[in-house]
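> Order-wise, the sequence lines are chains A and B.
First residue of the first sequence? That's 98 in the numbering used here, and the numbers climb one at a time after it.
First residue of the second sequence? That's 30 in the numbering used here, and the numbers climb one at a time after it.
Here you go, one structure.
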Amino acid sequence: MRKAKKEERRLPRSPALRIATIAVLTAVTVVFTYLVRIPIAPTRGYLNLGDVAVYFCAFTLGPLTALLAGGLGTALADLLAGYPQWIPISLLVHGLQGLLAALVAVLPLGRLSPGRRDRLALRDSRWPFPPAWLAAGGVGTLVMCAGYFTAGAVMYGFGAALVELPGNLLQNVAGLLAGIPLSLAVRKAYPPVAELRW
Amino acid sequence: MTGSFFLPGNGFLHRFDPRCKLLLAVLFSVLFFLPVRLPIIGAYLGFVSLSLLLALGPRELLRPLKTIAPLLLLILLLTPPFHASGQVYLRVGGLTLLSAAGVREALRLVLRFSGITFSFYALLRSTDPEDLILALRACGLPFAAGLVVSVALQYVPSLKVLYDQVKDAHRLRRAESALPAPKGLRGLRTLLPLLTSVLILSIRRIPSLAMALELRGVGLKNRRTSLRRLPGGRRLAASAVAAALVAGAAAASAFLFP
Numbered sequence: 098m099r100k101a102k103k104e105e106r107r108l109p110r111s112p113a114l115r116i117a118t119i120a121v122l123t124a125v126t127v128v129f130t131y132l133v134r135i136p137i138a139p140t141r142g143y144l145n146l147g148d149v150a151v152y153f154c155a156f157t158l159g160p161l162t163a164l165l166a167g168g169l170g171t172a173l174a175d176l177l178a179g180y181p182q183w184i185p186i187s188l189l190v191h192g193l194q195g196l197l198a199a200l201v202a203v204l205p206l207g208r209l210s211p212g213r214r215d216r217l218a219l220r221d222s223r224w225p226f227p228p229a230w231l232a233a234g235g236v237g238t239l240v241m242c243a244g245y246f247t248a249g250a251v252m253y254g255f256g257a258a259l260v261e262l263p264g265n266l267l268q269n270v271a272g273l274l275a276g277i278p279l280s281l282a283v284r285k286a287y288p289p290v291a292e293l294r295w
Numbered sequence: 030m031t032g033s034f035f036l037p038g039n040g041f042l043h044r045f046d047p048r049c050k051l052l053l054a055v056l057f058s059v060l061f062f063l064p065v066r067l068p069i070i071g072a073y074l075g076f077v078s079l080s081l082l083l084a085l086g087p088r089e090l091l092r093p094l095k096t097i098a099p100l101l102l103l104i105l106l107l108t109p110p111f112h113a114s115g116q117v118y119l120r121v122g123g124l125t126l127l128s129a130a131g132v133r134e135a136l137r138l139v140l141r142f143s144g145i146t147f148s149f150y151a152l153l154r155s156t157d158p159e160d161l162i163l164a165l166r167a168c169g170l171p172f173a174a175g176l177v178v179s180v181a182l183q184y185v186p187s188l189k190v191l192y193d194q195v196k197d198a199h200r201l202r203r204a205e206s207a208l209p210a211p212k213g214l215r216g217l218r219t220l221l222p223l224l225t226s227v228l229i230l231s232i233r234r235i236p237s238l239a240m241a242l243e244l245r246g247v248g249l250k251n252r253r254t255s256l257r258r259l260p261g262g263r264r265l266a267a268s269a270v271a272a273a274l275v276a277g278a279a280a281a282s283a284f285l286f287p
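Okay, structure coming up:
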């Protein structure tokens, strides 16, 4: 009986479903990153909604989707937008950002099953969203800003890398402000999305 | 949005084997970080720039340069104050703004960043995305990862169309209120319903895509066949010899002229 219940709660094991999930969310991340581009004048980088997609994946679809879709999506967006020098950096930094944000978001709930975790996180909280998501956003922001700053400092020096820091911070704040309500809205409007979490 | 950075052509870079191009791009990216003299780094950049110029034309050389030009200017302005040693050229008050070491370091960073940009640009502009994925597979990228990238690139244009359709639908609703679209954070708030719709419509495609992949044998343990392979034979041999010569010369110069 206990084993049967455990199997019912098990996530989908189909490799095809996981590949499809990551591929579609990667494409979504590319569109979000590439679609809205607000140029940062000094460095010819751009503010975008890529972090919105990364945080959405982290809070809705779990750490592995956030790692892969976040990293690949932003890397492909750099490819399409004509910033090839940032491809490996975006792959690593945004991938880690998504992974760590997703892990921190469920940290307080320990070893509960994913379904029970989701129900507790949303129902029992006095907040409109799980407070751990704010901590997750903080961790994600730290990883993203530190990652790009380090890469920039190595590639083109400390001074120029420092100029990009405020833009990256702003991008993360915007990503979190939009990512949290998006995750809540999609979960409410389309409950089957929880089955794709892994 | 076409979903590709590739520029079709028939130059020598287009005919160069993608696996060798990928390895050379990675090698040159590493070479630019080596602690070698400025003329050597300049020679590396010169080689990459010349290849780009001869294979793709002057416009394709200027294009990445225009993209990174403001950042290069920023590097030239902001690097020297952090490397104040050697002969001083400009001092304001007690602060050394320009010195010999600062100029050298700024030039090194400019050459490095330009070189990495041109290396990747040459690779991606002259390589078909399918060939690039096959080259990455040859270098060890798992089949599933290659499949994810190729499916994602296929989906990007259709998601863009979906986004435009949903945006038009939302705009028609907003037209009834006759208010202009807000900007800044309020604009982001207005985007949320649009993004929610796009996300749900995208996620709803996942099960049918998964079914299509399963029907094509994704997830099975048996040995895979493939529709396309990268050509071998003389083209690969010539590319490999050329790549080995270039890599050998570049690596040797780093050690012979430290």
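Don't be surprised by glycine CBs; every beta carbon is placed ideally from N, CA and C.
DSSP three-state call for B/T96: helix, strand or coil?
If DSSP states are grouped into helix, strand and coil, B/T96 belongs with the helices.
> Quick one: residues in its chain with C-beta nearer than 8 angstroms to the C-beta of B/R233, no 5 flanking neighbours on either side, listed in chain order?
Cβ within range, chain order: n/a, list empty.
> So, under 8 angstroms CB-CB, B/S148 and B/A54 are touching, yes? Tell me the CB distance rounded to an integer number of Å.
Yes, B/S148 and B/A54 are in contact; Cβ-Cβ is about 5 angstroms, under 8 angstroms.
> With A/A202 and A/A229 assumed to form a contact (beta carbons below 8 angstroms), what rounded beta-carbon distance in angstroms separates them?
Right, their Cβ atoms sit about 5 angstroms apart.
> Going by DSSP, name the residue or residues bridged to B/V121.
Note: B/V121 sits in a beta bridge opposite B/L124.
> Would you mind working out which of A/A150, A/M241, A/A233, A/A199 sits nearest A/L189, comparing C-alpha positions?
That would be A/M241, whose Cα lies nearest to the Cα of A/L189.
> Which chain B residues sit within Cβ distance under 7 angstroms of A/I119?
Per Cβ cutoff of 7 angstroms: V177.
> Taking a cut of 7 angstroms between CB atoms, which residues from the region 246-260 of chain A lie near chain B?
Answer in chain order: M252, Y253, G254, F255, G256, A257, V260.
> Just the C-alpha distance for B/P109 and A/M252, rounded to the nearest angstrom, thanks.
When rounded, the distance between both Cα atoms is 15 angstroms.
> For A/N269, which of A/R115, A/L281, A/Y245 has the nearest alpha-carbon?
Of A/R115, A/L281, A/Y245, the residue nearest in Cα terms is A/Y245.
> Give a yes or no on whether the minimum CB-CB distance between B/G38 and chain A is below 8 angstroms.
Answer no: the Cβ-Cβ gap between B/G38 and chain A never drops below 8 angstroms.
> Rank A/L176, A/A199, A/R115 by C-alpha distance to the C-alpha of A/V151 and give the top, closest one.
The shortest Cα separation from A/V151 among A/L176, A/A199, A/R115 belongs to A/A199.
> Using three-state DSSP, classify B/Q183 as helix, strand or coil.
Looking at B/Q183 - three-state DSSP - the assignment turns out to be helix.
> Hey, is B/E205's beta-carbon within less than 8 angstroms of any beta-carbon in chain A?
Reliability of the predicted coordinates at B/E205 is poor, the pLDDT of 47 falling under 50, and the value obtained from them is presented with this limitation in mind. Cβ-Cβ to chain A under 8 angstroms: no for B/E205.
> Can you tell me whether B/R141 is buried or exposed, with buried defined as 16 or more other CB within 10 angstroms of its CB?
Buried.
> I want to know whether the region 83-103 of chain B touches the region 164-172 of chain A - three or more CB-CB distances under 8 angstroms.
The answer is no - the region 164-172 of chain A does not touch the region 83-103 of chain B, with fewer than three Cβ pairs under 8 angstroms.
> Who are the Cβ neighbours of A/T276 in its own chain at under 6 angstroms, not counting the five residues just before and after it?
One point to set straight first is that residue 276 of chain A is Gly, not Thr, in the sequence displayed. Taken in chain order, the residues that qualify are V149, Y152, F153.
> Is the Cβ of B/Y73 closer than 8 angstroms to any Cβ of chain A?
Closer than 8 angstroms: no.
> Under 8 angstroms between C-beta atoms, does B/F189 make it to chain A?
The sequence as given places Lys at residue 189 of chain B; Phe does not occur at that position. Judged by the 8 angstroms Cβ criterion, B/K189 is in contact with chain A.
> Are the C-beta of A/F226 and some C-beta of chain B separated by less than 8 angstroms?
Not an interface residue.
> Determine the DSSP secondary structure at B/F35, reduced to helix, strand or coil.
Note: B/F35 maps to coil in three-state DSSP.
> Spatial neighbours of A/R99 within its chain, please: CB distance less than 6 angstroms, with the 5 preceding and 5 following residues excluded, ordered by chain position.
With a pLDDT of 48 at A/R99, under the threshold of 50, the predicted position of this residue should be treated as unreliable, and no value is reported.
> Tell me, please, whether the CB atom of A/A101 is closer than 8 angstroms to any CB atom in chain B?
Confidence in A/A101 is poor, its pLDDT being 44 and thus under 50, which makes the residue's placement too unreliable to answer from.
> Relative to the alpha-carbon of A/L293, which residue among A/P181, A/L204, A/A155 has its alpha-carbon at the smallest distance?
Answer by Cα proximity: A/A155.
> Report yes or no: do the region 43-62 of chain B and the region 114-133 of chain B share at least 3 C-beta pairs separated by less than 8 angstroms?
In short, these stretches do not touch, since the Cβ pair count stays below three.
> Counting only the same chain and skipping the five closest in sequence on each side, list residues whose C-beta sits under 6 angstroms from that of B/L249.
Result list for B/L249: empty, nothing under 6 angstroms.
> Following the continuous alpha helix (DSSP H) through A/Q194, name the residue where it begins and the one where it ends.
184-202 is the extent of the alpha helix (DSSP H) around A/Q194.
> When you check each C-beta in the region 239-252 of chain B against every C-beta of chain A, which residues fall closer than 7 angstroms?
Flagged, chain order: A239, L242, E243, V247, G248.
> Can you find the residues in the same chain that come closer than 6 angstroms, C-beta to C-beta, to A/L132, ignoring five residues on each side of it along the sequence?
Result list for A/L132: empty, nothing under 6 angstroms.
> Quick one: which chain A residues come within Cβ less than 8 angstroms of B/F142?
Neighbours of B/F142 on chain A, chain order: Q182, M252, Y253.
> Checking contacts by CB at 8 angstroms: is B/F57 closer than that to chain A?
Not one chain A Cβ lies under 8 angstroms of B/F57.
> At what residues does the alpha helix (DSSP H) containing A/V151 begin and finish?
A/V151 -> alpha helix (DSSP H) spans 147-157.
> Does chain B have any CB closer than 8 angstroms to the CB of A/L161?
With 8 angstroms as the cut-off, A/L161 does not count as an interface residue toward chain B.
> Could you tell me whether any Cβ in chain A is nearer than 8 angstroms to the Cβ of B/L182?
Yes, its Cβ sits closer than 8 angstroms to a Cβ of chain A.
> What residues from chain B crowd round A/V125, counting only those whose CB sits closer than 7 angstroms?
The contacting residues are L188, L228, S231.
> Taking only the alpha-carbon atoms, compute the straight-line gap between B/F172 and B/L265 and give it to the nearest angstrom.
Looking at the two C-alpha atoms, the distance is approximately 22 angstroms.
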